[in-house]
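Asks: For the sequence shown, this note's numbering gives the first residue as 299, with consecutive numbering after it. We put the CB at the ideal spot given by N, CA and C, even for glycine.
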Amino acid sequence: MWRKEKKENNTLMMENPNSIKLQKRFDDKYEGFFKYVGQNWKKILIIIFCSIFYSFGQVHFMIKAGSVLDGVEAISVSMTYILTVLKPYLTILYLALNIPLIIFYWRKVKRHFIITTLIFLFFNALFGFIFGIQPVEEFISEKVIVIMKDGWMPEDPNGDPGTTKYVAAGWPVFIYVILAVACCSPAAAVVWKLGSSTGGTDLIAYYISYKYKKPVGSFLMLTGTLMATMGILFLYLSKKFMPINISQNINGFNNILGCQTFGTYLYILLNGFVINSIYPKYQKVRIKIDTRNLEEITNFFKSINFWHPYKIVKSISGYNNNTIYSIESIVLLLESDDIAKKIKDYVPDAWISVAPISRIYGRFNYSRID
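#1: Grab me the residues of residue 404's own chain with a C-beta within less than 7 Å of its C-beta, minus the 5 sequence neighbours each way, in chain order.
#2: Return helix, strand or coil for residue 650, following the three-state DSSP convention.
#3: Kindly identify the DSSP beta-bridge partner or partners of residue 405.
#4: So what's residue 658 in DSSP terms, helix, strand or just coil?
#5: Grouping DSSP H, G and I as helix and E and B as strand, with all else coil, what is residue 531?
#6: Once the 5 residues before and after residue 313 are set aside, which same chain residues still bring their CB inside 7 Å of it?
#7: Any idea what DSSP makes of residue 589, helix, strand or coil?
#8: For residue 659, count neighbouring C-beta atoms within 10 Å of its own C-beta (all shown protein chains included) and say buried if the count is 16 or more, exposed if not.
#9: Three-state secondary structure (DSSP) at residue 524?
#10: Thinking just about the alpha-carbon of each residue, which of 415, 366, 611, 487 is nearest to the one in residue 560?
#11: Between the alpha carbons of residue 569 and residue 483, how many angstroms are there, rounded?
#12: Going by C-alpha distance, which of 387, 364, 422 is nearest residue 347?
#13: Below 8 Å on the Cβ atoms is my contact criterion, and I expect residue 516 with residue 504 to pass it. Report the Cβ-Cβ distance as a whole number of Å.
#14: Suppose contacts are defined by Cβ-Cβ distances below 8 Å. Is residue 625 in contact with residue 608 by that definition?
#15: Do the region 539-555 and the region 584-591 make contact, defined as three or more Cβ pairs closer than 8 Å?
#16: In the DSSP output, what is residue 415 paired with across the bridge?
#17: First and last residue of the beta strand (DSSP E) that includes residue 611?
#18: Just mark residue 386 as buried or exposed, buried being the case when its beta carbon has 16 or more other beta carbons within 10 Å.
#19: Report the three-state DSSP secondary structure of residue 637 (helix, strand or coil).
#20: In the DSSP assignment, what residue or residues form a beta bridge with residue 624?
#21: Compute the distance between the beta-carbons of residue 399 and residue 420, then report whether it is under 8 Å.
#22: Would you identify the three-state DSSP class for residue 451, choosing helix, strand or coil?
#23: Which residue spans inside the region 325-365 form an unbroken beta strand (DSSP E) run of at least 3?
#24: Give me the Cβ distance between residue 389 and residue 427, rounded to the nearest whole Å; I'm assuming they're in contact under 8 Å.
#25: Go to residue 368, then tell me how far its alpha helix (DSSP H) extends in each direction, as first and last residue.
#26: Rounded to whole angstroms, what's the CA-CA distance from residue 354 to residue 430? Just pull it up for me.
#27: Here's the rule I'm using: 16 or more other beta-carbon atoms within 10 Å means buried, otherwise exposed. How should residue 653 be labelled?
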């Protein structure tokens with residue numbers, strides 16, 4: 299009997315290619331680097347494109363704000379503030395700091411997550427280095443400057459006033475933080491949605507989020523805040539106690555509760571909010587399908603080995619007295635769009651509605667996105 303059901307199931311999938319695509323969408327597995335890249339080249343191109351915006355937001359907005367980034371980036375940014383010779387290599391330094399985390403989580407999370415994260419980190423380092431090349435950096439700084447120099451402080455207090463570069467001071471810090479969020483956060487959210495990350499504490503947040511089934515943006519805010527606070531304290535103490543030739547390199551942080559500190563926490567808060575909004579990984583919805591063709595819907599579910607429980611309710615239409623079948627299931631928001639579109643392809647006259655679920659109690663199958 300099992301063989302018969304399996305044969306019928308395979309027949310249904312052959313009859314409907316869309317069901318095969320849907321199953322592939324949720325059963326994506328790593329099968330070797332080059333094979334994975336070949337099968338997912340569109341996704342990888344989008345990740346590379348996002349790395350351009352992310353590195354630009356880092357190099358030309360967050361650094362101009364003089365604030366600290368969140369997570370492991372707080373370490374790399376703090377180092378470039380103290381050792382200015384490292385500034386052009388900010389994103390390369392960030393890549394290097396990620397290597398121990400990549401090694402540690404190599405066997406703890408899905409392999410394709412690590413591979414795509416490495417791809418992001420490599421191109422983020424490449425584009426960040428390009429944006430940091432002096433002629434490129436000067437060109438962009440001249441074109442993308444939104445605050446007059448009266449509201450700025452010099453990057454090098456001892457430099458030639460005619461050629462000194464400037465970074466934000468006072469309230470302009472928040473302008474540049476918001477610009478950094480506008481570049482980095484949507485790019486990071488799209489990368490997360492594609493099953494990857496921007497590295498650093500994202501790897502920790504992903505592991506914790508996977509383990510406890512909670513929104514990843516919340517853990518990004520937690521881990522980001524802890525690391526950023528360490529970076530701020532380090533810069534403040536460096537400003538106070540290190541030799542003058544080093545402390546002068548650090549813009550801001552004269553007051554531990556100054557604009558650079560508040561700008562850092564503003565970035566973390568907005569970044570987590572944007573990622574949770576665009577990438578609500580564990581948000582659940584109720585999907586309801588009303589149809590007269592019950593058998594076609596159940597056949598579709600069999601063809602994709604539907605992984606969530608569902609119930610069927612028989613009713614009479616008050617409009618035309620026809621028999622209507624309602625199929626309801628609780629699914630993840632990230633799954634619902636694919637499921638609904640493929641059902642419409644399979645049964646065009648089906649009526650589908652999706653409603654949010656605030657909370658559930660009981661077991662739930664997360665296997666298709668974890």
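Replies: Straight from the coordinates:
#1: For the purposes of this step, residue 404 is identified with residue 106 of the sequence shown, where counting begins at 1. 412.
#2: On the sequence shown, position 352 is the one that residue 650 refers to. In this structure, residue 650 counts as strand in the three-state DSSP scheme.
#3: If you number the sequence shown from 1, residue 405 lands on position 107. None, per the DSSP bridge assignment.
#4: Taking the sequence shown and counting its residues from 1, one reaches residue 658 at position 360. Residue 658: coil per DSSP, three-state reduction.
#5: Along the sequence shown, read from residue 1 onward, the residue named residue 531 stands at position 233. For residue 531, the three-state secondary structure derived from DSSP is helix.
#6: Mapped onto the sequence shown, residue 313 falls at position 15. Bear in mind that the predicted position of residue 313 carries a pLDDT of just 46, short of 50, making it unreliable; the figure below should be weighed with that in mind. Nothing listed; no residue qualifies.
#7: Here residue 589 refers to the residue found at position 291 when the sequence shown is read from its first residue. Shown here, residue 589 sits in a strand according to DSSP, grouped into three states.
#8: In the sequence shown, counting from the first residue as 1, residue 659 sits at position 361. In this structure residue 659 is exposed. Its beta-carbon is surrounded by fewer than 16 other beta-carbon atoms within 10 angstroms.
#9: The residue labelled residue 524 in the question sits at position 226 within the sequence shown. Residue 524 falls in the helix class under three-state DSSP.
#10: Within the sequence shown, residue 560 is the residue found at index 262, counting from 1. The shortest Cα separation from residue 560 among 415, 366, 611, 487 belongs to 366.
#11: On the sequence shown, residue 569 is found 271 positions in, with the first residue counted as 1. On the sequence shown, residue 483 is found 185 positions in, with the first residue counted as 1. Going from the Cα of residue 569 to the Cα of residue 483 covers about 5 Å.
#12: Residue numbering aside, residue 347 sits at position 49 when the sequence shown is read from its first letter. Of the listed residues, the one whose Cα sits closest to residue 347 is 422.
#13: Here residue 516 is taken as the residue at index 218 of the sequence shown, counted from 1. Here residue 504 is taken as the residue at index 206 of the sequence shown, counted from 1. About 12 Å separates the two Cβ atoms, so there is no contact after all.
#14: As a working mapping, residue 625 is identified with position 327 in the sequence shown. As a working mapping, residue 608 is identified with position 310 in the sequence shown. Yes, they are a contact pair.
#15: The region 539-555 makes no contact with the region 584-591, as fewer than three CB pairs between them are under 8 Å.
#16: The residue given as residue 415 occupies position 117 in the sequence shown. In DSSP, residue 415 forms no bridge with anything.
#17: Reading the sequence shown from its first residue, position 313 is the one you call residue 611. Judged by DSSP secondary structure, residue 611 falls within the beta strand (DSSP E) whose first and last residues are 608-614.
#18: Residue mapping note: residue 386 aligns to position 88 of the sequence shown, counting from 1. With at least 16 other beta carbons inside 10 angstroms of its own, residue 386 counts as buried.
#19: As a first step, residue 637 is located in the sequence shown; it is residue number 339 there, counting from the start. In the structure shown, residue 637 sits in a helix (DSSP, three-state: H, G or I).
#20: In the sequence shown, the residue the question calls residue 624 occupies position 326. According to DSSP, residue 624 bridges with 588, 611.
#21: Here residue 399 refers to the residue found at position 101 of the sequence shown. Here residue 420 refers to the residue found at position 122 of the sequence shown. With a cutoff of 8 Å on beta-carbon distance, residue 399 and residue 420 are scored as not near each other.
#22: In the sequence shown, counting from the first residue as 1, residue 451 sits at position 153. Since pLDDT at residue 451 reaches only 47, below the 50 mark, its modelled position is unreliable, and the value read off the structure follows with that caveat. The answer is strand: DSSP assigns residue 451 an E or B state.
#23: You should have found no qualifying run.
#24: Within the sequence shown, numbered from 1, the residue matching residue 389 stands at position 91. Within the sequence shown, numbered from 1, the residue matching residue 427 stands at position 129. Residue 389 to residue 427, Cβ: 6 Å. Contact.
#25: Your numbering for residue 368 matches position 70 in the sequence shown. Per DSSP, residue 368 lies in no alpha helix (DSSP H) and is assigned neither H nor E.
#26: As a position in the sequence shown, residue 354 is number 56, starting the count at 1. As a position in the sequence shown, residue 430 is number 132, starting the count at 1. Near 9 Å, if we compare the C-alpha coordinates of residue 430 and residue 354.
#27: Locating residue 653 in the sequence shown gives position 355, where the first residue counts as 1. Under this definition residue 653 is an exposed residue.
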